[in-house]
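>
Residue numbers (UniProt numbering): 1 to 515.
(1) On the CB-based measure, 16 or more other CB atoms within 10 Å of its CB, does residue 480 come out buried or exposed?
(2) Please report the residue range of the alpha helix (DSSP H) in which residue 95 lies.
(3) Indicate whether the contact test is met: 3 or more Cβ pairs, each with one atom in the segment 133-152 and one in the segment 75-92, closer than 8 Å.
(4) Evaluate contact between the segment 170-183 and the segment 143-152, counting only Cβ atoms and requiring at least three cross-stretch pairs below 8 Å.
(5) With contact counted as at least three CB pairs below 8 Å, one residue from each stretch, are the segment 487-503 and the segment 63-73 in contact?
(6) Roughly how many whole angstroms lie between the Cα atoms of residue 393 and residue 262?
(7) In its own chain, which residues sit with a C-beta less than 6 Å from the C-beta of residue 102, not counting the 5 before and 5 after it?
(8) Go through its chain and collect everything with a Cβ distance to residue 223's Cβ below 7 Å, but skip five positions before and after it.
(9) To the nearest angstrom, how far is it from the Cα of residue 200 to the Cα of residue 303?
(10) Between residue 422 and residue 301, is the Cβ-Cβ spacing less than 8 Å?
(11) What does DSSP give as the partner residues of residue 443 in its beta bridges?
(12) By how many angstroms is the C-alpha of residue 425 removed from the C-alpha of residue 183?
(13) With H, G and I counted as helix, E and B as strand and the rest as coil, what does DSSP make of residue 148?
(14) Expressed to the nearest angstrom, what Euclidean distance is found between the alpha-carbon atoms of residue 228 and residue 219?
(15) For the alpha helix (DSSP H) containing residue 216, list its first residue and its last residue.
(16) Run through DSSP, which three-state label would residue 338 get?
(17) So if DSSP puts residue 132 in a beta bridge, which residue, or which two residues, is it bridged to?
(18) Buried or exposed: where does residue 186 fall if 16 or more other Cβ atoms within 10 Å of its Cβ makes it buried?
(19) Going by beta-carbon coordinates alone, are residue 320 and residue 404 separated by less than 8 Å?
(20) Are residue 484 and residue 120 close, meaning C-beta to C-beta below 8 Å?
(21) In the DSSP assignment, find the unbroken alpha helix (DSSP H) run with residue 51 in it and report its ends.
(22) Can you tell me which of the three DSSP states residue 299 falls into?
(23) In this structure, does DSSP put residue 510 in helix, strand or coil?
(24) Can you tell which of 412, 502, 128 has the C-alpha that lies nearest to the C-alpha of residue 309?
(25) Give the range of the alpha helix (DSSP H) segment to which residue 385 is assigned.
(26) Considering only their Cβ atoms, is the gap separating residue 57 from residue 414 smaller than 8 Å?
(27) With distances taken Cα to Cα, identify the nearest neighbour of residue 99 among 132, 221, 361.
(28) Where does residue 448 sit, in a helix, a strand or coil, going by DSSP?
(29) Can you tell me which of 341, 340, 388 puts its alpha carbon nearest to the alpha carbon of residue 360?
(30) Among the residues of its own chain, which have a CB less than 7 Å from the CB of residue 408, if the five just before and after it don't count?
(31) Look at the alpha carbon of residue 472 and the alpha carbon of residue 162, and state the distance between them as a whole number of angstroms.
(32) Spatial neighbours of residue 348 within its chain, please: C-beta separation below 8 Å, excluding the five flanking residues on both sides.
(33) Ordered along the chain, which non-local residues of its own chain (more than five positions away) have a Cβ less than 6 Å from that of residue 391?
(34) Our contact map puts residue 517 next to residue 323 with C-beta atoms below 8 Å; I'd like the distance itself, whole angstroms only.
(35) I'd like to check one pair, residue 447 with residue 478: are the Cβ atoms closer than 8 Å?
(36) What is the C-beta distance between residue 373 and residue 317, in whole angstroms, given that I count them as a contact (C-beta under 8 Å)?
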């Protein structure tokens, strides 16, 4: 019974590096040779088996993601083939006309106006024949998600200004596009970071009024510099171009927060934690080095998919919350473990500054149960809670905590493998293709003045925000820029580009309807 209970618990505790000394040292005091048992055990279980589990899960993730993309790719091709057979012209068996394409889009995407439908049609029609063939139609899913705007790259927003204002804005544009302007910004951010660290260390040693110690000359100076940089970029690039970059939107939000924080710090009721907003600007340095950009881009790919991961974790937590509340909701851990090795962790005495506070981890309700399980997940002294509940209930309660920890260890391993797979996927894609630009697709579609009469009278050509261009339609063509930001599906299309023909051929050989 001693071996089946006590020693098994010790072996499980030894798996976690922070518990290792407290488990080994009593035996090491009796015999120095006993340390070899724990060393060999940790090497095999912790460093080999645990990392081998991670490698297996990572490989499984890679295979599953590739197979999932293959099935989705073939399924999209099959859908395009079915739609093409329904839309192709009667006079020509392998082409789609604009009228048929527009009719389909009214059902596929009712909210898309006729202007954007025409731009999508033009984007697909690479041959400029006015009719879409099947190979062009296979790009439908990539083209339909493209966002469109007028290409104002050749015309700055201030071109209608009169002198001397137009010359002022021209000089501002040259300044913000000057490469040393960005370098100066990075130097300012780096110096500001040093001042933040210095002021934080100084504030931690000071017992003065926080409001007086926070508002310093350097805080105001850097806030002014950041504000000046934002104003110059907005004036030089124009609001549309400036806000089209995710980094610029981030800089703008941080700068506005800094201004608000600086004002609040000057008020008598200022809140100290607002100053952490200053440190957010250091994230802009991620643009400098490619490795730092890799981290930022990996996070951008992860965020849309982390919602599903979070839901899975919450469901697993909820299952254990219900079980834990049924088993332990009636047990209080306040001063529960008198005369035991963990007594100090659960000691409670009103006014005592040396309380253990572990008694706050309980299963009295759903909220506290979630907090308790999160504590068990991330803290290496989880066995303290397990021992406390074993003392107030029975030794069988240890099965609940051991099961939860083993399940969460597998879940965390899967999450780590998911992150590694995404990071490796991004690195492989970046090496194979030039995807360092912010947008995955950037296409220009030129609408000539000869094309306008081809539209039906009831249709208004590009009615949203383009009235100035409509008035000049007889004098010049309109250029529209189609943009689509990087997504994992698009990057997968680049990464597995060499496999697409093989997958299509295999589908045909398997007598499936995919093309």
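Idealized CB from N, CA, C, for every residue including glycine.
This is what the structure gives:
(1) buried
(2) Counting along the chain, residue 95 falls outside any alpha helix (DSSP H), and DSSP gives it neither H nor E.
(3) yes
(4) no
(5) yes
(6) 54 Å
(7) 117
(8) 258, 259, 262
(9) 31 Å
(10) yes
(11) 482
(12) 30 Å
(13) strand
(14) 14 Å
(15) Careful: residue 216 lies outside any alpha helix (DSSP H) and carries neither H nor E.
(16) coil
(17) 96
(18) exposed
(19) yes
(20) no
(21) 50-87
(22) helix
(23) coil
(24) 412
(25) 382-392
(26) yes
(27) 132
(28) coil
(29) 388
(30) 377
(31) Caution applies to residue 472, whose pLDDT of 46 falls short of 50 and renders its modelled position unreliable; the value that the coordinates give is listed next. In a straight line, the C-alpha of residue 472 is about 21 Å away from that of residue 162.
(32) 334, 335, 355, 356, 359
(33) 337
(34) In this structure the chain extends from 1 to 515, so residue 517 is not present and cannot be described.
(35) yes
(36) 5 Å
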